[in-house]
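Using my numbering, the first residue of the sequence shown is number 6, and each one after it goes up by one.
C-beta: ideal position from N, C-alpha, C; glycine also.
Here is the structure we will look at, set down as structure tokens.
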Amino acid sequence: MASKNGSYQLSQWNLTGLFPAHDSAEMKAAFENVERQVKTFEAKRPQLAADMDQGSFMDMVREMESISRLMHRIYYYANLWFAAETQDEQAVNFVSRVDQFMAEVQNRTLFFSLWWKSLADGDAERLMAEAGDYRYWLEQMRLFKPHTLSEPEEKIINIKDVTGANALINLYDVITNRYVFKIEVDGEIKELTRDSLMVYVRKPDPDLRAAAYQELYRVYGEDGKILGQMYQNRTRDWYNEQVELRKFSSPMSARNLENDLPDNVVDTLLEVCRRNASLFQRYFRLKARWLGIDCIRRYDIYAPVVKSEKTYEFDTAANMVLDSFEGFDKSVAEMAKRVFDEDHMDSEVRMGKRGGAFCASVVPGMTPYVLMNYQGRPDDVATMAHELGHAIHSMLAEHHTIFTWHASLPMAETASTFGEMMLLDKLMAEESDEEVIRDMLFRQIDDAYATIMRQAFFALFEREAHRMIREGASVQEMSKAYMENLREQFGDAVELSDEFKWEWVSIPHIYHTPFYVYAYAFGQLLVLSLYQQYKEEGESFKPRYLKILKAGGSAAPVRVLTEAGIDIHSAEFWQGGFDVIERLIEQVEAMPVEG
Ligand SMILES: [Zn+2]
Numbered sequence: 006m007a008s009k010n011g012s013y014q015l016s017q018w019n020l021t022g023l024f025p026a027h028d029s030a031e032m033k034a035a036f037e038n039v040e041r042q043v044k045t046f047e048a049k050r051p052q053l054a055a056d057m058d059q060g061s062f063m064d065m066v067r068e069m070e071s072i073s074r075l076m077h078r079i080y081y082y083a084n085l086w087f088a089a090e091t092q093d094e095q096a097v098n099f100v101s102r103v104d105q106f107m108a109e110v111q112n113r114t115l116f117f118s119l120w121w122k123s124l125a126d127g128d129a130e131r132l133m134a135e136a137g138d139y140r141y142w143l144e145q146m147r148l149f150k151p152h153t154l155s156e157p158e159e160k161i162i163n164i165k166d167v168t169g170a171n172a173l174i175n176l177y178d179v180i181t182n183r184y185v186f187k188i189e190v191d192g193e194i195k196e197l198t199r200d201s202l203m204v205y206v207r208k209p210d211p212d213l214r215a216a217a218y219q220e221l222y223r224v225y226g227e228d229g230k231i232l233g234q235m236y237q238n239r240t241r242d243w244y245n246e247q248v249e250l251r252k253f254s255s256p257m258s259a260r261n262l263e264n265d266l267p268d269n270v271v272d273t274l275l276e277v278c279r280r281n282a283s284l285f286q287r288y289f290r291l292k293a294r295w296l297g298i299d300c301i302r303r304y305d306i307y308a309p310v311v312k313s314e315k316t317y318e319f320d321t322a323a324n325m326v327l328d329s330f331e332g333f334d335k336s337v338a339e340m341a342k343r344v345f346d347e348d349h350m351d352s353e354v355r356m357g358k359r360g361g362a363f364c365a366s367v368v369p370g371m372t373p374y375v376l377m378n379y380q381g382r383p384d385d386v387a388t389m390a391h392e393l394g395h396a397i398h399s400m401l402a403e404h405h406t407i408f409t410w411h412a413s414l415p416m417a418e419t420a421s422t423f424g425e426m427m428l429l430d431k432l433m434a435e436e437s438d439e440e441v442i443r444d445m446l447f448r449q450i451d452d453a454y455a456t457i458m459r460q461a462f463f464a465l466f467e468r469e470a471h472r473m474i475r476e477g478a479s480v481q482e483m484s485k486a487y488m489e490n491l492r493e494q495f496g497d498a499v500e501l502s503d504e505f506k507w508e509w510v511s512i513p514h515i516y517h518t519p520f521y522v523y524a525y526a527f528g529q530l531l532v533l534s535l536y537q538q539y540k541e542e543g544e545s546f547k548p549r550y551l552k553i554l555k556a557g558g559s560a561a562p563v564r565v566l567t568e569a570g571i572d573i574h575s576a577e578f579w580q581g582g583f584d585v586i587e588r589l590i591e592q593v594e595a596m597p598v599e600g
């Protein structure tokens, strides 16, 4: 599909479809409208009763949705404006005004979900009988009911958490956020934050990469004992609450319920990851050859392989992405085209604009907004495919309510990663510049490592750590277990130095949100497995895939996938994802090593 009606241009997006301006009459009216609707909603509070009629109940659900839709429009207007102009003081002020307003609205409407969760199963079932698309949202709120304690007990946990577990995590943040890292660059000692230090692990200079990691874990290691003790207490608290009091069968199963995933699915996923550790070991050996060294060190994992200089005009890139989507399905490409045609893409690089890229889906029925900083590199083309994939996912699911529209975390990267894979396929078939293909392959495999294998091994460590701590393991023993975890992950393919024994105390996720990390591995591997099925089945796969995207967040992941004929309980399904990675690695292996 060549863009027959003119070419695609780098541009700034147009937010007037949301509001003409932050100080417009329309914006003022929207605030007043929310206020009015919230008042009406609050006034209905006395009607909430186990024996209320279905009609009045559903009226309240729909009112809640109407408030939510309006709030989303205001919220996104503020945040998209700010993303486009982070230095604009008016935008900054407007964002805080909206945040404040949103928190108030949430507090004022909170009574509804609290009441809903308190209902007995039979009463809830009767009220939900005609809920249609709202049903999964209502069910989800009640998932935790069997693990909910009496009101006084819940209150005590809340009160004690403020100065207990939450305070502990805050302390962890306070201590680690004030770390200053020193590194010598070109004869000059630089004092850096963790983020700015980590830039050096991706630099071409091997000494600099090593120095950055050594400094990172020198600083964390100095507090290693204290940070380790914090983790011990965090996991003990987690066990006492989730397993002892709330009766979850394991520490991890509390998180699984949050993701609405069965325990055995997550166990199978992690086991398959573990079995495939050798695949990425093979990749690291390959990367060593590209870097011209015998054995890669842990310091070199993110080392850059020589980059291609090729750039793409924006119009060329847009057409490549749209063509690759059209190769899959015409209607999918048409949806992506809407983002360009309605001026919902902010693609140019500008002073004051935030970096990176994202896709913002405001309300069902409205074309999503995409922000990126397009500079013409092959990477940027892949980012465009990724973000437009997110947009397509939202558009395919736009017939759902605002509560059941978004796919849940484990499913949220499905269309985006799939979009990147479609682009990669097209490039493989058509691009004559081998360097471009190589860069895209390295990008894809590096991403797969960071989101699948690294995160899966974090989760495996967490499971082990929670068990060990219960059995009284010391901080030193934890560090030893962490090194064993790394050795299993890297085998003899990666040289591991001693300071990595402190890596575990530097992972905020395992302190903040235990077992969160496996969702990354789940999501990425799911897409790759789906892609594998697409390659095998061709046409017949397409309607099943589109069905998954169309489901949005309207049912549990297992149900959505089962209905599309996919069995996430089976190890073979997850293995399919690794088979895709293996083929990517084979393609790099077939390329002549340069330099
Ligand atoms: Zn994404």
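**OP:** With a threshold of 7 Å, establish whether the CB of S258 neighbours any heavy atom of ligand 1.
**Re:** The count along the sequence shown starts at 1 and reaches residue 258 at position 253. Answer for S258: no, Cβ out of range of ligand 1.
**OP:** For R183, name the three-state secondary structure that DSSP assigns.
**Re:** As a first step, residue 183 is located in the sequence shown; it is residue number 178 there, counting from the start. DSSP places R183 in coil when its eight states are reduced to three.
Original post:
For F345, which option in N84, G297, Q237, M389 has the closest C-alpha, if you only look at C-alpha atoms?
Top reply: As a first step, residue 345 is located in the sequence shown; it is residue number 340 there, counting from the start. Of the candidates N84, G297, Q237, M389, the one whose C-alpha sits nearest the C-alpha of F345 is M389.
Subject >> Exposed unless 16 or more other CB atoms sit within 10 angstroms - verdict on P415 >> reply: Looking up residue 415 in the sequence shown gives position 410. With 16 or more other Cβ atoms within 10 Å, it is buried.
Original post:
Residues in its own chain within less than 7 Å of S352 by CB, not counting five upstream and five downstream?
Top reply: One-based indexing of the sequence shown puts residue 352 at position 347. Within the same chain, S352 has close Cβ partners L15, S16, F319, M377, Y379.
Subject >> Touch test, the region 542-558 against the region 391-401, Cβ-Cβ under 8 Å, three pairs minimum >> reply: yes
Original post:
If you drop the 5 nearest sequence neighbours on each side, which residues of the same chain put their C-beta closer than 7 Å to that of R468?
Top reply: To locate residue 468, count along the sequence shown from 1; it is residue 463. M257.
Subject >> N-terminal and C-terminal residue of the beta strand (DSSP E) that V310 is part of >> reply: Residue mapping note: residue 310 aligns to position 305 of the sequence shown, counting from 1. Element bounds for V310: n/a, residue is neither H nor E.
**OP:** Flag H391 as yes when its Cβ comes closer than 7 Å to any non-hydrogen atom of ligand 1, and as no otherwise.
**Re:** Position 386 of the sequence shown, counted from the first residue, corresponds to residue 391. Yes.
Original post:
Is K195 buried or exposed, if buried means 16 or more other CB atoms sit within 10 Å of its CB?
Top reply: Residue 195 sits at position 190 when you count from the first residue of the sequence shown. Its Cβ having fewer than 16 others within 10 Å, K195 is exposed.
Subject >> Helix, strand or coil at V593 [DSSP, three-state] >> reply: On the sequence shown, residue 593 is found 588 positions in, with the first residue counted as 1. Helix, per DSSP.
Original post:
Looking at G424 and L393, is the spacing between their C-beta atoms short of 8 Å?
Top reply: As a working note, residue 393 is residue 388 in the sequence shown. As a working note, residue 424 is residue 419 in the sequence shown. Yes, these two residues count as a Cβ contact at 8 Å.
**OP:** Consider the C-beta atom of S604 and the heavy atoms of ligand 1; say whether any pair is separated by less than 7 Å.
**Re:** With the chain covering 6 to 600 only, the question about residue 604 has no answer from this structure.
Original post:
Less than 8 Å separating the beta-carbons of L274 and F527?
Top reply: Counted from its first residue, the sequence shown places residue 274 at position 269. Counted from its first residue, the sequence shown places residue 527 at position 522. Taking 8 Å as the Cβ cut-off, L274 and F527 qualify as a contacting pair.
**OP:** Would you kindly work out how many angstroms separate the C-alpha atoms of W142 and R67, rounded to a whole number?
**Re:** Taking the first residue of the sequence shown as position 1, residue 142 is located at position 137. Taking the first residue of the sequence shown as position 1, residue 67 is located at position 62. C-alpha separation (whole angstroms): 12 Å.
**OP:** Please determine, among H405, R147, T419, M69, the residue with the shortest C-alpha to C-alpha distance to E47.
**Re:** Locating residue 47 in the sequence shown gives position 42, where the first residue counts as 1. Nearest of H405, R147, T419, M69 to E47, Cα basis: M69.
Original post:
How should W120 be labelled, buried or exposed, when 16 other C-beta atoms within 10 angstroms of its C-beta is the threshold for buried?
Top reply: As a working note, residue 120 is residue 115 in the sequence shown. Exposed.
Original post:
How about S421: is its Cβ closer than 7 Å to a heavy atom in ligand 1?
Top reply: In the sequence shown, the residue the question calls residue 421 occupies position 416. Yes, ligand 1 has a heavy atom inside 7 Å of this Cβ.
Original post:
Roughly how many angstroms lie between the CA atoms of S484 and D210, to the nearest whole one?
Top reply: Against the sequence shown, residue 484 aligns to sequence position 479. Against the sequence shown, residue 210 aligns to sequence position 205. Cα to Cα, S484 sits roughly 29 Å from D210.
**OP:** Compute the distance between the beta-carbons of Q520 and N490, then report whether it is under 8 Å.
**Re:** Taking the sequence shown and counting its residues from 1, one reaches residue 520 at position 515. Taking the sequence shown and counting its residues from 1, one reaches residue 490 at position 485. At residue 520 the sequence reads Phe, which differs from the Gln that was named. No, the pair does not count as a contact, with Cβ atoms beyond the cut-off.
**OP:** Name, in chain order, the residues that DSSP records as bridge partners for E499.
**Re:** Mapped onto the sequence shown, residue 499 falls at position 494. Per the sequence presented here, residue 499 reads as Val, with Glu not at that position. I301, per the DSSP bridge assignment.
Original post:
Are the Cβ atoms of Y218 and V206 separated by less than 8 Å?
Top reply: Along the sequence shown, read from residue 1 onward, the residue named residue 218 stands at position 213. Along the sequence shown, read from residue 1 onward, the residue named residue 206 stands at position 201. Yes, these two residues count as a Cβ contact at 8 Å.
**OP:** Express the C-alpha separation of E31 and F24 in angstroms, rounding to a whole number.
**Re:** Translated into the one-based positions of the sequence shown, residue 24 becomes position 19. Translated into the one-based positions of the sequence shown, residue 31 becomes position 26. Looking at the two C-alpha atoms, the distance is approximately 7 Å.
Original post:
My guess is that W86 and H27 are in contact by the Cβ rule of under 8 Å, so how many angstroms apart are they, rounded?
Top reply: Looking up residue 86 in the sequence shown gives position 81. Looking up residue 27 in the sequence shown gives position 22. Sure, about 7 Å apart at Cβ, within 8 Å.
Original post:
Which of the three DSSP states, helix, strand or coil, is assigned to L173?
Top reply: Here residue 173 refers to the residue found at position 168 when the sequence shown is read from its first residue. Here L173 sits in helix by DSSP.
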